[in-house]
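Peer 1: Counting from 2, one number per residue, gives the positions in the sequence shown under our numbering.
Here it is: the structure, laid out below.
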Amino acid sequence: MGPLAVNEFISENTNLFLAFIIGIGFGWVLESSGFSSSRKLAGVFYGYDTVVLKVFFTAAITAMLGLLFMSLFGWIDLNWVYVNPTFLTSAIVGGVVMGAGFILGGFCPGTSFCAASIGKIDGMVFIIGLFIGVFLFGIGYDIWDELYMAKYLGEPKVSEALGMRDGVFGLLLILAAVGMFFVAEWAEKKFPREEY
């Protein structure tokens, strides 16, 4: 819940309670948006349904704009916002593995829990596979720790790497999103899914 518990504005128990409520809300939004359907999720890769792309891109843009405006008004210091460290090799390998699983089965970790929560067996199978993967990674960590830690790039921000201000990058990202939404609409018309 951000820095509220860390700075003792709220208690740790309140922090966990709020996280629980927000998690339920997030799951409800995912399910009501159709994210418990593997066909809808896989539709992004085949072009017939781009709702997932639109929802997640809109969420990312909204979060980015929120942070930029809070920074502008002095409500948050962006230098204190945690940025995941980048290990390029493991990011690429992990992206390929997760992408392949997503294309083959139609779920990512979060959406598999969404599907399982409403009783879908394929979502439950994905969760079992997720835990098996985590377990195998944990017990075999010594085998691939060098791969996992290879090509450390620090905590880069795209705006800094491109040498531009955060606001300018935000504007360009919004324009890219609008363009992507038009392409997504075109793809849905070009590759409609046949109903059986």
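By construction, the Cβ of each residue, glycine as well, lies at the ideal position given by its N, Cα and C atoms.
Starting from the C-beta of F59, find all residues in its chain whose C-beta is less than 8 angstroms away, skip the five residues before and the five after it, and write them out in chain order.
Peer 2: According to the sequence displayed, residue 59 carries Thr and not Phe. Counting only Cβ-Cβ distances below 8 angstroms, and skipping sequence neighbours, we find A178.
Peer 1: For the beta strand (DSSP E) containing G155, name the first residue and the last one.
Peer 2: From DSSP, the beta strand (DSSP E) with G155 extends over 153-155.
Peer 1: Alpha carbon to alpha carbon, what distance is there between K55 and F182?
Peer 2: Their backbone Cα atoms lie some 7 angstroms apart in a straight line.
Peer 1: Would you kindly report the start and end of the unbroken alpha helix (DSSP H) that includes M99?
Peer 2: Residues 89-106.
Peer 1: Taking only three categories from DSSP, how would you classify D146?
Peer 2: Correct three-state label for D146: helix.
Peer 1: Among S160, A117, Y49, M150, which has the Cα closest to the Cα of K191?
Peer 2: The shortest C-alpha separation from K191 is found at Y49.
Peer 1: Whole angstroms is fine: what's the gap from L68's alpha carbon to V169's?
Peer 2: Rounded to whole angstroms, L68 to V169 spans 14 angstroms at the Cα level.
Peer 1: Between I119 and the rest of its own chain, which residues show a CB-CB distance below 6 angstroms, the 5 nearest in sequence each way excluded?
Peer 2: The residues are S37.
Peer 1: Counting C-beta neighbours from all protein chains within 10 Å, is the total for T51 16 or more, i.e. buried, or is it exposed?
Peer 2: It is buried - the Cβ of T51 has at least 16 other Cβ atoms within 10 Å.
Peer 1: Nearest-angstrom Cα distance between P86 and Y153?
Peer 2: Their backbone Cα atoms lie some 8 angstroms apart in a straight line.
Peer 1: Would A151 pass as a contact of T90 if the rule is Cβ separation under 8 angstroms?
Peer 2: Yes, they are a contact pair.
Peer 1: Output the boundary residues of the alpha helix (DSSP H) element that contains I23.
Peer 2: Note, I23: alpha helix (DSSP H), 13-33.
Peer 1: Helix, strand or coil for M125? Go by DSSP, reduced to three states.
Peer 2: Looking at M125 - three-state DSSP - the assignment turns out to be helix.
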